[in-house]
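Residue numbers (this note's numbering): 651 to 1129.
Working notes, structure below.
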Ligand code: 5AD
Ligand code: SF4
């Protein structure tokens, strides 16, 4: 942690207090406690950010509403990875406008990746002028300051979007969904500039947190009873390349990277399972495979986005691997970690993709046998190189997409069924909403298991026999 971070946090603590006073006044005049509702789009990074936003709101004195309709303060944490997210947001804003007409005191804030795009902010300022607060990915820690401004000084929109990070603010308050598993950011941003992707533009250049900060956070979670940790970064394998801050560990040991960090997290006794996401195939090292192999706490699950199976397309995507080198890596992982589940992201319809390129993608899917594959239609993102290239017709893309979906459905059902009949350790996550008397948990390979059990099991590791594979999940029996 550095001075920048400390100063920014102190300033926000001050504004949290000031907002509290404002809320007390509101409580006194309305007789009820104001509520919030945060809607999160997109990836794990946004989910983590929302936990911080909710933590700040609760410190201010808001309580969580059961739904957006009842909330006094509504926040949308947006995603800009694909175009359809824009349309979704505008649709939501249209209905929020009607709600705001009925309840003018309701506050609306929008934040996240979409707000890092000036044209979108301009559009929202103009077309949805009822939105009270707009902020971006680099200053979410300023929520209390911006809210205070809105509550006290202005009738107009408060807009505060930074072009690049100013401070990495550590130790923000947080509200987590679960009290036994948690994500922990190890780095922010991305330097890879895949030619289709907007993330490096809206989340900035890669910044790793220091090992000291990461380990302090994990130990603190362990002390509170957390058992499972997910280490998060756009490309965890390049952890340590660009540190945010002077780190004692780094000063003393230049060889410190993700494998070393992962191994240290595993040494924390109370933490029983460690996950990580995402691994760029170009950077997954032998050293990392060695660490996973000798640490049973590391979940046997690797998310290894392939994007395309065609070496020519991968080159245009700026992915720095080929079909052959990807398959070699997969084989190495499967040999060294026989139980591993592999999952992936796949895109179809990248500019210039031919039927032959697409067949290479289908071939990789067949050869790897992913347990799960997230499939996407390429979406043109303004500002990225691929947006300026000639685009494929919708018809061709839709046809390829449905063929890919069908194959993925077949192969992943087949792959994930291979554990049937085995006994596995499951971390129970929740009571099953659809089957009375059942609970639901995850194996270390991330596959879901439903089995008969009482609500007290939530948050516990339980040994379960896997009776039947049902495609993407199992039915099991507690041992
Ligand atoms: N269009 C479609 N999918 C995209 N992704 C990233 N950018 C785009 C885009 N422009 C997908 C990639 C990535 C996942 C998180 O989202 O597959 O791995
Ligand atoms: Fe986007 Fe590529 Fe970075 Fe992933 S590695 S966030 S796809 S630029």
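Note that the Cβ used here is the ideal one computed from N, Cα and C, for glycine as well.
C-alpha gap between residue i and residue j, whole angstroms
| i | j | result |
| --- | --- | --- |
| residue 1035 | residue 742 | 30 angstroms |
| residue 1028 | residue 673 | 45 angstroms |
| residue 1023 | residue 993 | 5 angstroms |
| residue 710 | residue 775 | 26 angstroms |
| residue 919 | residue 891 | 28 angstroms |
| residue 846 | residue 1045 | 20 angstroms |
| residue 979 | residue 802 | 57 angstroms |
| residue 1033 | residue 767 | 10 angstroms |
| residue 778 | residue 806 | 12 angstroms |
| residue 818 | residue 655 | 6 angstroms |
| residue 675 | residue 858 | 41 angstroms |
| residue 1060 | residue 1020 | 10 angstroms |
| residue 677 | residue 683 | 5 angstroms |
| residue 681 | residue 664 | 25 angstroms |
| residue 697 | residue 984 | 30 angstroms |
| residue 959 | residue 1004 | 12 angstroms |
| residue 601 | residue 735 | Outside the displayed range of the chain (651 to 1129) lies residue 601, so it cannot be described from this structure. |
| residue 1129 | residue 1113 | 6 angstroms |
| residue 699 | residue 754 | 27 angstroms |
| residue 1077 | residue 830 | 9 angstroms |
| residue 880 | residue 969 | 24 angstroms |
Chain C contact for residue i (CB, 8 angstroms cutoff)
| i | result |
| --- | --- |
| residue 703 | Protein chain content of the structure displayed is limited to a single chain, and chain C is not contained in it. |
Identified DSSP bridge partners for residue i
| i | result |
| --- | --- |
| residue 1100 | 1090 and 1125 |
| residue 716 | Looking at the DSSP assignment, residue 716 forms no beta bridge with any residue, so it has no partner. |
| residue 1073 | 1115 |
| residue 726 | 689 and 760 |
| residue 998 | 1027 |
| residue 832 | 879 |
| residue 993 | 953 and 1022 |
| residue 858 | 837 and 893 |
| residue 809 | 784 |
| residue 927 | 882 |
| residue 1081 | 1089 |
Cβ shell of residue i (< 7 angstroms), same chain only, five flanking positions each side left out
| i | result |
| --- | --- |
| residue 942 | 948 and 987 |
| residue 1116 | 1069, 1070, 1071, 1072, 1074, 1099, 1124 and 1126 |
| residue 750 | 756, 758 and 780 |
| residue 812 | 786, 788 and 789 |
| residue 760 | 726, 728, 774, 781 and 784 |
| residue 916 | 924, 945, 947 and 948 |
| residue 950 | 987, 989, 990, 991, 1094 and 1095 |
| residue 848 | 730, 731, 1031, 1033 and 1034 |
Residues of its chain near residue i, where Cβ-Cβ distance is below 6 angstroms and the 5 sequence neighbours each way are ignored
| i | result |
| --- | --- |
| residue 797 | 669 |
| residue 1081 | 1089 and 1105 |
| residue 1148 | Outside the modelled stretch of the chain, which goes from 651 to 1129, sits residue 1148, for which no answer is possible. |
| residue 1050 | 998 and 1008 |
| residue 961 | 972 and 973 |
| residue 1185 | Since the first residue of the chain shown is 651 and the last is 1129, residue 1185 is not available in this structure. |
| residue 1041 | 1001 |
| residue 850 | 840 and 843 |
Close-in-space but distant-in-sequence residues of the same chain around residue i (CB under 8 angstroms, 5 per side omitted)
| i | result |
| --- | --- |
| residue 826 | 701 and 832 |
| residue 914 | 861 and 865 |
| residue 822 | 659, 662, 702, 705, 706 and 791 |
Subject >> Residues near the ligand SF4, criterion Cβ-heavy atom distance below 6 angstroms >> reply: 840, 842, 843, 844, 847, 849, 850, 884, 885 and 930
Original post:
Using 8 angstroms as the threshold, is the stretch 724-733 in touch with the stretch 686-695, meaning 3 or more CB pairs across them?
Top reply: yes
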